[in-house]
Amino acid sequence: MSTAVSDQMVEKSFLQALNDAIAFSMRNDFRVIVLGEDIAGGAGQGTPLEGSMGGTFGVTKGLLEEFGKDRVRDTPISEAGITAATVGAAMAGLRPVLDLMWASFAPNCFDQILNQAAKLRFMSGGQAKIPLVIRMAVGGGLRAAAQHSDTLYPLFTHLPGLKVVVPATPAEASGLLIASINDDNPVVFLEHMALYRTTGLVPVNHEAMSLGKLGVLRPGTDLTIACVGQAALLGIEAAEILAIEGIDAEVISLRTLQPLDLDGLVACVSETQRLVIVEESPPRCSVSADIAASISELLFGHLLAPIGRVNSAATPVPFSPPLEDAYLPSVAKIVNKCKVVLSAV
Amino acid sequence: MISIKTLEQSFREMLRIRLFEERVRREFGKGDMPGFVHVYVGAEAIAVAVCSQLEKTDMITSTHRGHGHCLAKGVEIAPMVAELYGRESGLCHGRGGSMHIADFSKGVLGANAIVGGGIGLAVGAALAAQTLKDGRIAVTFFGDGASNQGVLHESMNLASIWKLPVVFVCENNGWAESTPASYSTSVSDIATRAAGYSIPGVAVDATDYGAMHIAAEQAISRARVGDGPTFIEAKFPRQVGHYVGDGEAYRNRDERKNARDSDVIAKTRLALESRGVDVISIVSETENLIIKELDSAFDAARQGKWPSTDELEKYVYSS
């Protein structure tokens, strides 16, 4: 199997997978443009012409050289203005990919996301088509403190009209970003900062993944650990620890929070009959709360234990390292929660 | 000075909007139109001066007070009225209503009920036109209230640095709901703010149709040839309440009377008469045409089907 796989897959970083996915989409469709703060770098004024920065994390590095200044635009620090402009540009025929840098900056353009991008198709009775991807870096662990570490997963998921995509692996980064750019709806694409340097196998053919299908990252029979984005890597580590104790945990990457693959999740949990949900955002009105409610409704009599949830704390993200570590979901917290769920009769 | 033919044609179009809005006001009083409405009475010169000089493919964004923009851009009356009544035959199949009327086939990218909400969208539409090099331009209408929204300033800056084919049209009627611009706004001519973004800004008396027409012509021409954005502040006094039913207790009685005395349609009528035009015939012709159209539009809307509740979730996503 490994030979067959290596024919079609190539090892790359999560960051490179995103970069390649954008470049692939731009080569295929002249309507795809990228814009955002610092996404080219120096507004392309370096010598020789260079995208020396390529965004805060380097995701868009090199695109300026290939696609030029009209399709790779540095913007002023004007989140409301640039988000509105990409919504308008999408309605008028482009397929913009906007980099908002950090999700914590999204409140600066929440009118444009909530009232414009999410609602215009509905309010216009289906006339508006808004093929827009808004990329944002999310998550804690960089000691970036409260205003550069939010995930806001539930906030975006709450808004009908948006799709919400949260990749966990380089393969998902590639397949889901290509699918998001191909999609005719506004898509919020959330990239956890701890993932950029992780590596994995990615299909060489740039195949799009379906939005609305979860991925099973590790099969297992004793319980299901359903994870949002980067939490899946913690889930896998937890499953490996549990395996030592003879517990066979299934680990799922939900991949898209809207649409949510509830059917897929029900199928998995029907088999294992135990569910733990892991999500890096505060617990109230969260993705985990929503999924727990749905699974309880659908599988109440079939579950062997109450559904377990591992969220971050109900605080802004703290700066001090021990505080931030205590705030975040962790492998240990997941292992402990799984044991609680497994010990219930 | 604009030609007598242009003035006459524009007078007909302004009158058409006025008659539409007066009818909406009366019909709203009957109590069977859902929600609430804001009418364009007194502002007609702005929509007509701008939209009569646009191409069908050019794009506009409008406001909660947007009926005039839609009519001037060529939107048909019957589906517009059906939308006011929330019917399936409405332009937005009853999903939008008065404050969100859109007709993409006419370049109307939507009325927007968030103050300033349409400004950035028009800048983006202009970005698309510039990137695709398809010759379209975009116009955004907004009020003096929106001139104090941050997104306007971000949008003007973007339009300026990228030299986008967009026209900013600030309809300054002196009032943001019940708050006077004289109180809320740091400058008496909002157009002066355009200088801060290296954009030409011009303040125009929007009760003078000819002046409004020429200002629009110049701004549209600049956008069309690639010279970038223009900011027009179209000044006129608000003749009516913020919404239909607003008693305006917060407003000075003399100011309200003076507002009606400088009505653009009355002024244009006098101007045409002084140039020897038979205005009485024009008025009766226009009235006869539109009254029939309105009668049938309101009848059809009232009898129109409601959207099916089975289709509540339709149009949330594009499939």
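Chains A and B, in that order, give the protein sequences. Residue numbers are given in this note's numbering: position 116 of the first sequence equals residue 116, and the series is strictly consecutive. Every number in this note's numbering is 345 more than the matching position in the second sequence, counting from 1. The beta carbon of each residue, even a glycine, is placed where N, CA and C say it ideally should be. Just so we're clear, the structure is a prediction, and the values are computed from it rather than from any experiment.
How many angstroms separate the CA atom of residue i from the CA atom of residue j?
i, j, result
"S6 of chain A", "V420 of chain B", "Note on S6 of chain A: pLDDT 49, under 50, position unreliable in the model; the coordinate value appears next. About 58 angstroms."
"R601 of chain B", "W520 of chain B", "12 angstroms"
"S2 of chain A", "T198 of chain A", "Confidence in S2 of chain A is poor, its pLDDT being 41 and thus under 50, which makes the residue's placement unreliable; the coordinate value appears in the next sentence. Their Cα atoms are separated by approximately 20 angstroms."
"Q357 of chain A", "A85 of chain A", "Chain A is shown from 1 up to 345; residue 357 of chain A falls before or after that span and cannot be answered."
"A4 of chain A", "P203 of chain A", "Interpretation of A4 of chain A is limited by its pLDDT of 49, a score under 50 that renders its predicted location unreliable; no figure is taken from the coordinates."
"A179 of chain A", "M209 of chain A", "6 angstroms"
"I610 of chain B", "E638 of chain B", "21 angstroms"
"S296 of chain A", "L211 of chain A", "24 angstroms"
"S500 of chain B", "E11 of chain A", "42 angstroms"
"I241 of chain A", "V317 of chain A", "27 angstroms"
"E679 of chain B", "P107 of chain A", "The first residue shown for chain B is 346 and the last is 664, placing residue 679 of chain B beyond what the model contains."
"P329 of chain A", "A144 of chain A", "16 angstroms"
"L177 of chain A", "E65 of chain A", "21 angstroms"
"H412 of chain B", "V384 of chain B", "7 angstroms"
"R31 of chain A", "A579 of chain B", "35 angstroms"
"M346 of chain B", "F449 of chain B", "33 angstroms"
"D599 of chain B", "W651 of chain B", "44 angstroms"
"V53 of chain A", "P76 of chain A", "The sequence given here places Met at residue 53 of chain A; Val does not occur at that position. Their backbone Cα atoms lie some 15 angstroms apart in a straight line."
"N603 of chain B", "L454 of chain B", "34 angstroms"
"M101 of chain A", "T83 of chain A", "12 angstroms"
"A646 of chain B", "F122 of chain A", "21 angstroms"
"Y595 of chain B", "T524 of chain B", "9 angstroms"
"V661 of chain B", "S653 of chain B", "15 angstroms"
"Q648 of chain B", "A128 of chain A", "27 angstroms"
"M425 of chain B", "S529 of chain B", "33 angstroms"
"H409 of chain B", "V340 of chain A", "55 angstroms"
"G463 of chain B", "G58 of chain A", "32 angstroms"
"R620 of chain B", "L94 of chain A", "48 angstroms"
"N28 of chain A", "N19 of chain A", "14 angstroms"
Below 7 angstroms CB to CB, which residues in the same chain sit around residue i once its five sequence neighbours on both sides are set aside?
i, result
"H302 of chain A", "S270 and Q273"
"P283 of chain A", "A289, R309, N311 and A314"
"Q494 of chain B", "V460 and G461"
"E237 of chain A", "V331"
"G441 of chain B", "E428 and A447"
"P321 of chain A", "R143"
Ordered along the chain, which non-local residues of its own chain (more than five positions away) have a Cβ less than 8 angstroms from that of residue i?
i, result
"L162 of chain A", "I113, A117, A118, F156, N185, P186, V187, V188 and Q258"
"A536 of chain B", "C515, G546, V547, A548, F576, I577 and E578"
"Y153 of chain A", "V138, V164, V166, L190, V228, G229, L257, E279, E280, S281, S286 and V287"
Just list the residues that DSSP pairs residue i with in beta bridges.
i, result
"V359 of chain A", "The displayed coordinates of chain A run from 1 to 345. Any statement about residue 359 of chain A would go beyond what the structure contains."
"V266 of chain A", "Beta-bridge pairing links V266 of chain A to no other residue."
"P96 of chain A", "A:I33"
"I577 of chain B", "B:V514 and B:V547"
"R357 of chain B", "Answer is none; R357 of chain B lacks a bridge partner."
"W651 of chain B", "Bridge partners of W651 of chain B: none, in fact."
"L223 of chain A", "A:A249"
"P525 of chain B", "B:W520"
"S198 of chain A", "The amino acid at residue 198 of chain A is misidentified as Ser; the sequence shows Thr. Answer is none; T198 of chain A lacks a bridge partner."
"D74 of chain A", "A:G36"
Which residues in the same chain as residue i place their Cβ atom closer than 6 angstroms to its Cβ, once the five residues preceding and following it in sequence are excluded?
i, result
"A539 of chain B", "G546 and F576"
"V386 of chain B", "E366, Q584 and V585"
"S195 of chain A", "It is Leu, not Ser, that sits at residue 195 of chain A in the sequence shown. Answer for L195 of chain A: F14 and Q230, listed in chain order."
"T151 of chain A", "V138, G139, E280 and S281"
"E593 of chain B", "G586"
"F110 of chain A", "none"
Nearer than 6 angstroms: is that true of the beta carbon of residue i relative to any heavy atom of the ligand FAD?
i, result
"G442 of chain B", "Looking at this structure, you won't find the ligand FAD or any other ligand, since it has none at all."
Short-range partners of chain B found in the segment 106-123 of chain A, where Cβ spacing is below 7 angstroms:
D111, Q112, N115, Q116, L120, R121, F122 and M123
What are the complete alpha helix (DSSP H) segments, minimum 4 residues, inside the segment 287-334 of chain A?
The segment 287-334 of chain A contains these whole alpha helix (DSSP H) runs: 287-299 and 321-327.
Members of the segment 90-103 of chain A that neighbour chain E once the beta carbon cut-off is set at 9 angstroms:
Absent here is chain E; the protein component of the structure consists of chains A and B.
Can you give me, in chain order, the residues of the segment 328-341 of chain A that have a beta carbon less than 7 angstroms from any beta carbon in chain B?
none
If contact means a Cβ-Cβ distance below 9 angstroms, which residues of the segment 610-622 of chain B contact chain A?
none
Determine which residues of the segment 444-461 of chain B have a Cβ less than 7 angstroms from any Cβ of chain A, and write them out in chain order.
H445, A447, F449, L454, G455 and I459
Extract the residue ranges of the beta strand (DSSP E) inside the segment 466-517 of chain B, only unbroken runs of 3 or more that lie entirely within it.
483-488 and 511-517
Length at least 3, wholly inside the segment 556-637 of chain B: the beta strand (DSSP E) runs in chain order:
Listed in chain order, they are 575-580.
Can you list, in chain order, the residues of the segment 176-209 of chain A whose Cβ is nearer than 9 angstroms to any Cβ on chain B?
Within the segment 176-209 of chain A, the residues whose Cβ lies closer than 9 angstroms to some Cβ of chain B are D183, D184 and N185, listed in chain order.
Along the segment 282-314 of chain A, where does the CB come closer than 8 angstroms to a CB of chain B? Name the residues.
none
Members of the segment 508-529 of chain B near chain A, C-beta cut-off 8 angstroms:
Cβ contacts with chain A come from no residue of the segment 508-529 of chain B.
Can you give me, in chain order, the residues of the segment 400-415 of chain B that have a beta carbon less than 7 angstroms from any beta carbon in chain A?
Taking 7 angstroms as the Cβ-Cβ cut-off against chain A, the residues of the segment 400-415 of chain B that qualify are M404.
Interface residues of the segment 542-572 of chain B facing chain A [CB-CB below 8 angstroms]
Listed in sequence order: no entries.
Output needed in chain order: residues of the segment 147-181 of chain A with a Cβ under 7 angstroms from some Cβ in chain B.
Within the segment 147-181 of chain A, the residues whose Cβ lies closer than 7 angstroms to some Cβ of chain B are P160 and G161, listed in chain order.
Between the segment 220-232 of chain A and chain B, which residues of the former have CB atoms less than 8 angstroms from a CB of the latter, in chain order?
Against chain B - using a Cβ distance shorter than 8 angstroms - the segment 220-232 of chain A contributes no residues.
Mind checking the segment 487-505 of chain B against chain A and listing, in chain order, the residues whose C-beta falls within less than 7 angstroms of any C-beta there?
Residues of the segment 487-505 of chain B whose Cβ lies closer than 7 angstroms to any Cβ of chain A, in chain order: G495, V496, E499, S500, N502 and L503.
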